[in-house]
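Asker: Using my numbering, you'd call the opening residue of the sequence shown number 264 and step up by one each time.
Supplied in structure tokens, the structure appears directly below.
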Amino acid sequence: MFNKILIANRGEIAVRIIRAARELDIRTVAVYSEADRNSMHVRLADAAICIGPAKSSDSYLNISSIISAVEVVDAEAVHPGYGFLAESAEFAEICENCGVKFIGPSSRVMRLMGNKITAKKEAEKVRVPVLAWSRTGLEDEKSALEVAKKIGFPVIIKAASGGGGRGMKLVHTQASLGSAFHLARREAHTAFGDDQVFIEKYCEKPRHIEIQLLADQHGNVVHLGERECSIQRRHQKIVEEAPSPAVNPRLRERMGDAAVRLAKSIGYVNAGTVEFLVDRDGNFYFMEMNTRIQVEHPVTEMITGMDLVKEQIRIASGEPLSVRQRDVKFSGHSIECRINAEDPRTFVPSPGRITFLYIPGGPGIRVDTAIYPGYTIPSHYDPLIAKLIVHAPTRLDAIKKMTRALEEFRIEGVRTNIPLLLEIMKDHDFIAGNIDIDFLSKFS
Ligand code: ADP
264 MFNKILIANR GEIAVRIIRA ARELDIRTVA VYSEADRNSM HVRLADAAIC IGPAKSSDSY
324 LNISSIISAV EVVDAEAVHP GYGFLAESAE FAEICENCGV KFIGPSSRVM RLMGNKITAK
384 KEAEKVRVPV LAWSRTGLED EKSALEVAKK IGFPVIIKAA SGGGGRGMKL VHTQASLGSA
444 FHLARREAHT AFGDDQVFIE KYCEKPRHIE IQLLADQHGN VVHLGERECS IQRRHQKIVE
504 EAPSPAVNPR LRERMGDAAV RLAKSIGYVN AGTVEFLVDR DGNFYFMEMN TRIQVEHPVT
564 EMITGMDLVK EQIRIASGEP LSVRQRDVKF SGHSIECRIN AEDPRTFVPS PGRITFLYIP
624 GGPGIRVDTA IYPGYTIPSH YDPLIAKLIV HAPTRLDAIK KMTRALEEFR IEGVRTNIPL
684 LLEIMKDHDF IAGNIDIDFL SKFS
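See the structure below:
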């Protein structure tokens with residue numbers, strides 16, 4: 264096992280990783296930008312190093328600064344968390360070349376899964392279903408139109424290197440394809456430095472359901488069931504739950520098998536998530552694979568009793584998985600709400616000083632956060648400030664518990680999306696489990 268790891272992240276996930284490392288008797292080193300001097304991850308780690316100015320590109324995304332920090336403190340491994348460098352194959356490769364363990368898969372596998380075109384091809388190779396698609400990147404408007412006509416409208420244009428719900432264009436008619444194609448390419452170039460785009464069939468009112476995997480260095484791969492992540496604003500998740508009200512044991516087994524098959528065929532190692540769209544007839548289609556820990560991992564932890572961050576660290580140190588597939592058991596229902604410092608209607612971020620804070624508690628409540636009273640939320644980063652997670656015997660009990668906990672949560676000094684999350688918990692369709700990725704559109 265490692266003696267010391269460096270955490271190349273900030274906020275709640277950095278705190279989450281520090282907690283896991285502490286319990287494994289591993290020393291932790293935090294890195295921070297000038298805007299994060301007073302952050303909780305800096306206070307909780309055994310040591311902390313400033314890696315640059317507030318702007319992410321100068322600090323949390325600055326590979327040379329982070330590698331220098333690793334060398335100065337002599338850390339054996341780096342945990343990237345999610346976001347920032349977590350899916351940077353370049354960073355993973357530099358770690359490999361410097362002899363420091365990147366807590367994640369190999370840079371080769373990250374490159375393969377980091378590109379939606381190569382990822383879909385790998386899925387097809389092992390007969391994991393995908394939606395009809397162009398099967399390559401598209402060079403010009405003419406070939407885009409040909410493919411779209413063959414697939415049938417509506418279609419979605421996606422950036423091969425896309426992420427974070429950005430760079431997607433829904434196209435309903437032939438007439439609007441040309442302009443959408445050029446716009447998608449331009450946006451992809453600006454956002455991801457790669458203008459390659461492809462076309463995929465648009466699935467009407469699907470659910471977003473994903474499978475959590477764990478894979479060790481010895482070829483063992485298990486799945487930990489699914490998470491339902493259909494409650495999204497602008498293609499970004501805000502409420503997640505496990506299990507999904509739409510998944511029965513048979514579908515779970517089929518989706519789990521598909522995800523495990525893909526992971527085995529590419530030589531995947533680490534925690535990972537295979538994302539699927541599930542249509543109203545229960546057909547599922549591979550969308551992409553996330554090669555890192557995800558924001559919503561706690562709901563899986565609550566129903567399996569496992570600690571996914573500890574598992575990641577153990578896997579990276581070479582230990583075999585602590586469970587086999589038949590040992591994985593699910594208990595009860597878990598829901599997570601992402602609490603963002605933002606206007607609940609316009610989603611405009613609301614950074615600032617927290618003047619009063621009361622965190623809910625009681626049985627079955629977990630809050631993953633790095634905020635504290637008097638803390639000033641910087642404007643430079645993601646608006647996620649806390650994750651409220653509940654665990655209860657049934658879905659209805661979990662919704663009741665979540666409602667109670669949201670009502671108890673007090674965050675003053677900044678605006679938060681708690682009012683919107685409460686509306687969702689009280690919505691009849693949500694309570695009935697009638698949800699799809701367009702669910703939130705009725706709230707705007
Ligand atoms: P990103 O990597 O940017 O998150 P994804 O490919 O994972 O992009 O898609 C994000 C979200 O966009 C999905 O959760 C779903 O809501 C929607 N989406 C993506 N592809 C399709 C599709 N073919 N049909 C309908 N919705 C889609």
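No residue lacks a Cβ here, since even glycine has one placed at the ideal position from N, Cα and C.
Remember, predicted model here, so these are calculated numbers, not experimental data.
1) With 16 as the cutoff for other CB atoms within 10 Å, does Thr679 come out buried or exposed?
2) Looking only at its own chain, which residues have a Cβ that is under 7 angstroms from the Cβ of Met550, when we skip the five neighbours before and after it?
3) Three-state secondary structure (DSSP) at Phe455?
4) Counting Cβ pairs, one atom from each stretch, are 3 or more of them under 8 angstroms apart for the region 296-304 and the region 638-649?
5) Jot down the residue ranges of each uninterrupted alpha helix (DSSP H) in the region 334-410, minimum 4 residues, whole runs only, in chain order.
6) Tell me whether Gln495 sits in a helix, a strand or coil according to DSSP, three-state version.
7) If you draw a straight line from the C-alpha of Arg273 to the C-alpha of Thr554, how long is it?
8) Considering only C-alpha positions, which residue in the set Asp699, Ile556 and Ala411 is nearest to His498?
9) Can Tyr323 be considered in contact with the ligand ADP, in the sense that its beta carbon sits closer than 7 angstroms to one or more heavy atoms?
10) Should Lys421 be listed as close to the ligand ADP, given that the test is whether its C-beta is under 7 angstroms from any heavy atom?
11) Going by beta carbon distance, what residues of the same chain come within less than 6 angstroms of His342, once the five residues before and after it are set aside?
12) Grab me the residues of Glu574's own chain with a C-beta within less than 8 angstroms of its C-beta, minus the 5 sequence neighbours each way, in chain order.
13) Buried or exposed for Glu409, please, with buried defined as at least 16 other CB atoms from any protein chain shown within 10 angstroms of its CB.
14) Is DSSP giving Asp639 helix, strand or coil here?
15) Less than 8 angstroms separating the beta-carbons of Lys421 and Val460?
16) Determine contact between the region 483-502 and the region 432-450, defined as no fewer than three beta-carbon pairs at a distance below 8 angstroms.
17) Considering Phe549, what are the terminal residues of the alpha helix (DSSP H) in which it resides?
18) Counting Cβ pairs, one atom from each stretch, are 3 or more of them under 8 angstroms apart for the region 511-529 and the region 475-495?
19) Following a CB-centred definition, is His498 positioned closer than 7 angstroms to any heavy atom of the ligand ADP?
20) Report the start-end ranges of each beta strand (DSSP E) in the region 292-336 that is 3 residues or longer and not cut off at the edges.
21) What I want to know is whether the C-beta of Pro469 ends up closer than 7 angstroms to one or more non-hydrogen atoms of the ligand ADP.
22) Does DSSP put Ser594 in a helix, in a strand, or in coil?
23) Leaving aside the five residues before and after Asp309 along the sequence, list all residues of the same chain whose C-beta is less than 6 angstroms from its C-beta, in chain order.
24) Assuming Ala649 and Val630 are in contact, meaning their beta carbons sit under 8 angstroms apart, how far apart are those beta carbons, in whole angstroms?
25) What do you reckon, is the C-beta of Leu440 under 7 angstroms from a heavy atom of the ligand ADP?
26) Roughly how many angstroms separate the alpha carbons of Thr381 and Glu463, rounded to a whole number?
27) By how many angstroms is the C-alpha of Tyr548 removed from the C-alpha of Asp690?
28) In the DSSP output, which residue or residues are listed as bridge partners for Val630?
29) Using a threshold of 7 angstroms, is the CB atom of Tyr465 nearer than that to any non-hydrogen atom of the ligand ADP?
30) If you compare alpha carbons, which of Glu353, Arg490 and Arg616 is closest to Val510?
31) Name the DSSP bridge partner or partners of His560?
32) Span of the beta strand (DSSP E) holding Thr536?
33) Between the alpha carbons of Met665 and Asp544, how many angstroms are there, rounded?
34) Ends of the beta strand (DSSP E) at Ile270?
35) The alpha helix (DSSP H) spanning His691 covers which residue range?
36) Under the three-state reduction of DSSP, which class applies to Val523: helix, strand or coil?
Answerer: In this structure, then:
1) Here the question's residue 679 lines up with position 416 in the sequence shown. With 16 or more other Cβ atoms within 10 Å, it is buried.
2) To locate residue 550, count along the sequence shown from 1; it is residue 287. Answer for Met550: Glu538, Phe539 and Leu540, listed in chain order.
3) For the purposes of this step, residue 455 is taken as the residue at position 192 of the sequence shown. Phe455: helix per DSSP, three-state reduction.
4) Counting Cβ pairs under 8 angstroms, three or more are found: they touch.
5) Within the region 334-410, the complete alpha helix (DSSP H) segments of 4 residues or longer fall at 352-361, 370-377 and 379-388, listed in chain order.
6) Residue 495 sits at position 232 when you count from the first residue of the sequence shown. Gln495: strand per DSSP, three-state reduction.
7) Start at 1 with the first residue of the sequence shown, and residue 273 comes out as number 10. Start at 1 with the first residue of the sequence shown, and residue 554 comes out as number 291. Their Cα atoms are separated by approximately 19 angstroms.
8) Position 235 of the sequence shown, counting from 1, holds the residue named residue 498. Among Asp699, Ile556 and Ala411, the Cα nearest to that of His498 belongs to Asp699.
9) Counting from one through the sequence shown, the residue named residue 323 turns up at place 60. No heavy atom of the ligand ADP is found nearer than 7 angstroms to the CB of Tyr323.
10) As a first step, residue 421 must be located in the sequence shown, where it is residue number 158. Checking every heavy atom of the ligand ADP against the Cβ of Lys421, one is found closer than 7 angstroms.
11) The residue labelled residue 342 in the question sits at position 79 within the sequence shown. Cβ within range, chain order: Ile268, Ile270, Ile280 and Ile366.
12) Position 311 of the sequence shown holds residue 574. Once the five neighbours on either side are set aside, the close Cβ partners of Glu574 are Leu477, Ala534, Leu584 and Ser585.
13) Start at 1 with the first residue of the sequence shown, and residue 409 comes out as number 146. Label assigned to Glu409: exposed.
14) Stepping through the sequence shown from its first residue, residue 639 is reached at position 376. According to the sequence provided, residue 639 is Thr. The question's Asp does not apply to it. Three-state result, Thr639: strand.
15) Numbered from its first residue, the sequence shown carries residue 421 at position 158. Numbered from its first residue, the sequence shown carries residue 460 at position 197. In this structure, Val460 lies closer than 8 angstroms to Lys421 by Cβ.
16) No: the two stretches stay apart, fewer than three of their Cβ pairs being nearer than 8 angstroms.
17) Numbered from 1 along the sequence shown, position 286 holds the residue referred to as residue 549. Judged by DSSP secondary structure, Phe549 falls outside any alpha helix (DSSP H) and instead within the beta strand (DSSP E) spanning Phe547 to Asn553.
18) By the Cβ test, the region 511-529 is in contact with the region 475-495, since at least three Cβ pairs between them sit closer than 8 angstroms.
19) Taking the sequence shown and counting its residues from 1, the one referred to as residue 498 is at position 235. Flag set: Cβ of His498 near the ligand ADP.
20) Correct list: 310-315.
21) Locating residue 469 in the sequence shown gives position 206, where the first residue counts as 1. Between the ligand ADP and Pro469, a heavy atom-to-CB distance of less than 7 angstroms is present.
22) Taking the first residue of the sequence shown as position 1, residue 594 is located at position 331. If DSSP states are grouped into helix, strand and coil, Ser594 belongs with coil.
23) The residue given as residue 309 occupies position 46 in the sequence shown. Arg290 and Thr291, listed in sequence order.
24) Here residue 649 is taken as the residue at index 386 of the sequence shown, counted from 1. Here residue 630 is taken as the residue at index 367 of the sequence shown, counted from 1. Contact between Ala649 and Val630 holds, with the beta-carbon distance rounding to 6 angstroms and staying under 8 angstroms.
25) Working through the sequence shown from its first residue, we reach residue 440 at position 177. It does not: the Cβ of Leu440 is nowhere closer than 7 angstroms to a heavy atom of the ligand ADP.
26) Here the question's residue 381 lines up with position 118 in the sequence shown. Here the question's residue 463 lines up with position 200 in the sequence shown. Spanning the two alpha carbons is a distance of roughly 14 angstroms.
27) Indexing the sequence shown from 1 puts residue 690 at position 427. Indexing the sequence shown from 1 puts residue 548 at position 285. Looking at the two C-alpha atoms, the distance is approximately 28 angstroms.
28) By one-based count along the sequence shown, residue 630 stands at place 367. Per DSSP, Leu651.
29) Mapped onto the sequence shown, residue 465 falls at position 202. Checking every heavy atom of the ligand ADP against the Cβ of Tyr465, one is found closer than 7 angstroms.
30) Position 247 of the sequence shown, counted from the start, is the residue given in the question as residue 510. Of the listed residues, the one whose Cα sits closest to Val510 is Arg490.
31) Residue mapping note: residue 560 aligns to position 297 of the sequence shown, counting from 1. Paired residue(s): none; His560 is not in a bridge.
32) Counting from one through the sequence shown, the residue named residue 536 turns up at place 273. DSSP places Thr536 in the uninterrupted beta strand (DSSP E) bounded by Asn533 to Val541.
33) Residue mapping note: residue 665 aligns to position 402 of the sequence shown, counting from 1. Residue mapping note: residue 544 aligns to position 281 of the sequence shown, counting from 1. When rounded, the distance between both Cα atoms is 30 angstroms.
34) Indexing the sequence shown from 1 puts residue 270 at position 7. Where Ile270 is concerned, the enclosing beta strand (DSSP E) stretches over Lys267 to Ile270.
35) As a first step, residue 691 is located in the sequence shown; it is residue number 428 there, counting from the start. Run containing His691: His691 to Ala695, per the alpha helix (DSSP H) assignment.
36) On the sequence shown, residue 523 is found 260 positions in, with the first residue counted as 1. Correct three-state label for Val523: helix.
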